[in-house]
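Numbering (the working numbering), first residue to last: 1372 to 1889.
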């Protein structure tokens, strides 16, 4: 790391008792993680048999988490007759002593009558392209042939085709639209946009410390201390990586460099938060960095995460004059990557709302962690954008409905709401669990959080709420988790971290009831 300035404020790890508990995940080196995954895969046949899976079902290891008390959590994808099973993911929990348990995305056993498709791949492709047209996807094209899969995420498992249509969403965001169609009837079963968006501001983060590298007489934005994270200038382009930011000196300020510094700082701070607060070594927990791209498109008012490039991308805002590069945007986008690498919550319906909320939750957590007066921690989302033209934020965690679209509480119709608004109840849960209900001021910002049942909540503190949500995400949630499943997952996490008779466990239960999830 090269120090290019003095950060305004200090960053602290904010440790709490849960980081020392037996349920805390051990920080494995990249080599140890690879070996753990290799060992689990070697034992996958026996594991499948012990779980009672069918003869044609196989397990593919995605990740292994080892807790300090010896408990091992192994996350698997599933195949059937060699075909990927969408909705077949599961997590096996093996304590050092005691009974093994399992968390499944779907409870049903995977079986279909035949793996021969009655509907041709070309027909599935046509259906997917029609769906993309309905979504107003520009330059839509299915670059690769549809792949045959088993769709098991909703209802009885069926043979299906999955088609990926690429193009651009109406606001200029790239599109990777996954469309699943029934291989027997041709009916569309599911659609999922893989490019996950969020909005923020180009407000500069002040004088900060960033990691740079010197090559010859030139400096560049490569952070060797954080997995070699690189930040590129797309120069208003919409593809490729652009050009690595360089400078003749190691003092970075002014012009196009400003957005680059904001993005680079945001990535570094988010990396540090995950490593120091929850013990995660990079987005995939393997010590390898993603990369960032600034100055995307022309007057592009958004930012997004793409798992296919494993990168974050930031636009320059209206008139290319206000880059969307705030700290909470960087943390929000990087967290989409963490979610993709762990629970992989479907970006649709209630699961999509939980996906978005997870990014908002850890964006707030990173702001508080950074303790930077230029970007103070709060429970507001996109507060510096002024996208509404009146100084109000995009979203409010204490009372989500204040934005005019988000929901405060769960209801049976929540899955029909846009994921940026169905995130409201989970954001509300996190605020209430952290701070409690009623009127109060936190870090100079006034809040007044209501409850569905009129209850009064005290809150357990943000640090404990962070530990609970992170453990739930990485250990107990799956791709199909909805709000009821999130309640179960966070209770499991609170029980593991603090005990099932603890104040924290009881607070989690009461807080879900307070947003109408019981």
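By construction, the Cβ of each residue, glycine as well, lies at the ideal position given by its N, Cα and C atoms.
Quantities reported herein were computed from a predicted structural model and do not represent experimental measurements.
Neighbourhood of residue i by C-beta, 8 Å cutoff - its chain only, sequence neighbours within 5 removed
i	result
residue 1875	1831, 1835, 1839, 1865, 1868 and 1869
residue 1766	1731, 1751, 1752, 1753, 1774, 1777, 1791, 1794, 1795 and 1798
residue 1575	Below a pLDDT of 50, predicted positions are generally treated as unreliable, and residue 1575, at 42, falls in that range; the measurement from the model is reported next regardless. Correct list, in chain order: 1629, 1632, 1633 and 1745.
residue 1503	1511, 1536, 1538, 1546, 1548 and 1550
residue 1824	1884, 1885 and 1887
residue 1479	1523, 1527 and 1528
residue 1679	1547 and 1565
residue 1570	Note that residue 1570 has pLDDT 29, beneath the 50 cutoff, so the model's placement of it is unreliable and no number is given.
residue 1813	1749, 1750 and 1806
Proximal residues to residue i (C-beta, below 7 Å), its chain only, five neighbours per side dropped
i	result
residue 1558	1552
residue 1880	1862
residue 1375	Unreliable placement is indicated for residue 1375, whose pLDDT of 25 sits below 50; no coordinate value is reported for it.
residue 1894	Because the chain here runs from 1372 to 1889, residue 1894 falls outside it and cannot be looked at.
residue 1646	1652
residue 1627	1604 and 1666
residue 1889	1883
residue 1858	1883 and 1888
residue 1780	1796, 1823, 1886 and 1887
residue 1608	none
One or two residues paired with residue i in a DSSP bridge
i	result
residue 1520	1531
residue 1563	1549
residue 1730	Per DSSP, none; premise fails for residue 1730.
residue 1536	1548
residue 1463	1445 and 1473
residue 1600	1594
residue 1615	1603
residue 1585	1590
Bounding residues of the alpha helix (DSSP H) (the contiguous stretch that carries residue i)
i	result
residue 1698	1698–1712
residue 1891	Past the edges of the chain, shown from 1372 to 1889, lies residue 1891, and the structure says nothing about it.
residue 1648	1628–1648
residue 1790	1790–1793
residue 1882	1874–1885
residue 1492	1492–1505
Cβ pair residue i, residue j closer than 9 Å
i	j	result
residue 1850	residue 1457	yes
residue 1846	residue 1411	no
residue 1589	residue 1716	no
residue 1513	residue 1499	yes
residue 1871	residue 1826	no
residue 1670	residue 1690	yes
residue 1449	residue 1429	yes
residue 1490	residue 1524	no
residue 1637	residue 1555	no
residue 1802	residue 1810	no
residue 1542	residue 1719	no
residue 1435	residue 1407	yes
residue 1591	residue 1617	yes
residue 1854	residue 1723	no
residue 1441	residue 1466	yes
Sequence-distant residues of the same chain with beta carbon closer than 6 Å to residue i, five excluded per side
i	result
residue 1520	1454, 1455, 1457, 1531 and 1533
residue 1475	1461
residue 1683	1663, 1676 and 1704
residue 1518	1533
residue 1878	1831
residue 1837	1736
residue 1816	1749
residue 1427	1451 and 1452
residue 1873	none
residue 1437	1397 and 1443
Extent of the continuous beta strand (DSSP E) run through residue i
i	result
residue 1436	1428–1437
residue 1510	1509–1512
residue 1457	1454–1457
residue 1664	1662–1667
residue 1485	Here residue 1485 belongs to no beta strand (DSSP E), and DSSP marks it neither H nor E.
residue 1784	First-last for residue 1784: undefined, no H or E at that position.
Below-9 Å beta-carbon distance, residue i vs any chain D residue
i	result
residue 1663	Within the model displayed, chain D is absent; a lone protein chain is all it includes.
Ranges of the alpha helix (DSSP H) found wholly within the segment 1795–1871, counting only runs of at least 4:
DSSP runs (the alpha helix (DSSP H)) wholly in the segment 1795–1871: 1795–1806, 1833–1842 and 1854–1869.
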